[in-house]
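Residue numbering for the sequence shown follows the numbering used here, starting at 6 and increasing by one per position.
Following: one structure in structure tokens, then a few remarks.
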Amino acid sequence: MTSKNTEPTDTSALTHFDAQGQAHMVDVGAKIPTHRIAVATGRIQMRPETFALVESGTAKKGDVLGIARIAGVMAAKKTSDLIPLCHPLALTRVAIEFESASAHVPGTTGVFCSATVETFGQTGVEIEALTAVQIALLTIYDMCKAVDRGMSIQDVRVTQKHGGKSGSFSQ
Numbered sequence: 006m007t008s009k010n011t012e013p014t015d016t017s018a019l020t021h022f023d024a025q026g027q028a029h030m031v032d033v034g035a036k037i038p039t040h041r042i043a044v045a046t047g048r049i050q051m052r053p054e055t056f057a058l059v060e061s062g063t064a065k066k067g068d069v070l071g072i073a074r075i076a077g078v079m080a081a082k083k084t085s086d087l088i089p090l091c092h093p094l095a096l097t098r099v100a101i102e103f104e105s106a107s108a109h110v111p112g113t114t115g116v117f118c119s120a121t122v123e124t125f126g127q128t129g130v131e132i133e134a135l136t137a138v139q140i141a142l143l144t145i146y147d148m149c150k151a152v153d154r155g156m157s158i159q160d161v162r163v164t165q166k167h168g169g170k171s172g173s174f175s176q
């Protein structure tokens with residue numbers, strides 16, 4: 006079954022579409038494996054009282070950041086199960102780091118998350134890094150929602166990418 010779209014679309018720059026505009030998984034078989042690294046970051050904003058619970062480790066559900074770190078690692082490993090056209094990858098490293106959001110955005114209260122993902126392969130790990138950050142931050146939300154339903158996840162993005170034909174990217 007195909008979907009009909011009456012709007013013209015330019016899919017020439019999008020690698021997940023074939024010449025007929027159909028979605029497909031990109032063939033990376035002919036690409037030369039290289040060392041690939043991606044870093045994604047984001048933050049969850051919360052009330053100061055909530056941040057104090059997280060920082061002190063006294064949240065009712067336990068070690069919020071420890072559990073969020075494990076969730077981020079697991080998410081990076083399961084990315085191809087969540088994103089339909091994403092290749093399953095043999096990751097060589099996933100590192101999740103947390104710090105006070107105020108170190109990156111003065112005047113804010115919350116947790117800043119950075120995920121570094123590495124592999125030696127034929128395709129990059131940007132989606133794995135983004136997934137790791139999102140799930141780590143969602144885990145923080147889940148563990149703290151009983152005391153602060155107004156938390157918000159913000160500014161999730163790839164900040165670095167290295168390896169592959171397109172080279173390096175940094176912002």
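Ideal placement from N, C-alpha and C gives every residue a C-beta, glycine not left out.
Answer yes or no: do residue i and residue j have a C-beta to C-beta separation smaller than 8 Å?
i    : j    : result
G115 : A108 : no
G172 : G129 : no
G77  : V138 : yes
P38  : Q159 : no
M156 : I49  : yes
Report all residues from its chain with a CB closer than 6 Å to the CB of residue i; omit the five preceding and five following residues, and keep chain order.
i    : result
C149 : T55
A100 : T121
T164 : V44, T46 and Q176
H40  : F125 and G168
For residue i, count the other beta carbons within 10 Å of its own beta carbon; 16 or more makes it buried, fewer makes it exposed. Which is it?
i    : result
S119 : buried
F117 : buried
E133 : buried
R98  : exposed
R154 : exposed
K36  : exposed
R74  : buried
E12  : Residue confidence for E12 is low, a pLDDT of 43 falling below 50, so the modelled location carries little weight and cannot support an answer.
K9   : Annotation note: pLDDT 42 at K9 (below 50); position unreliable, coordinate value reported separately. With fewer than 16 Cβ atoms within 10 Å of its Cβ, K9 is classed as exposed.
Quick one: what's residue i bridged to in DSSP?
i    : result
G172 : Answer is none; G172 lacks a bridge partner.
Q50  : G115 and S157
E123 : I42 and R98
S105 : V116
Q165 : V44 and S175
Give me the Cα-Cα distance between residue i and residue j, rounded to the nearest whole angstrom.
i    : j    : result
S85  : K66  : 29 Å
V152 : A57  : 12 Å
T144 : A80  : 11 Å
P111 : G26  : 45 Å
L87  : F103 : 24 Å
L135 : L142 : 11 Å
E60  : R52  : 12 Å
With a CB to CB cut of under 8 Å and the five nearest residues on each side skipped, what residues in its chain are close to residue i?
i    : result
Y146 : I49, M156 and I158
L96  : A81, K82, V122, E123, T124, V130 and E133
D68  : G62
Report all residues from its chain with a CB closer than 7 Å to the CB of residue i; omit the five preceding and five following residues, and keep chain order.
i   : result
A64 : L58, M148 and C149
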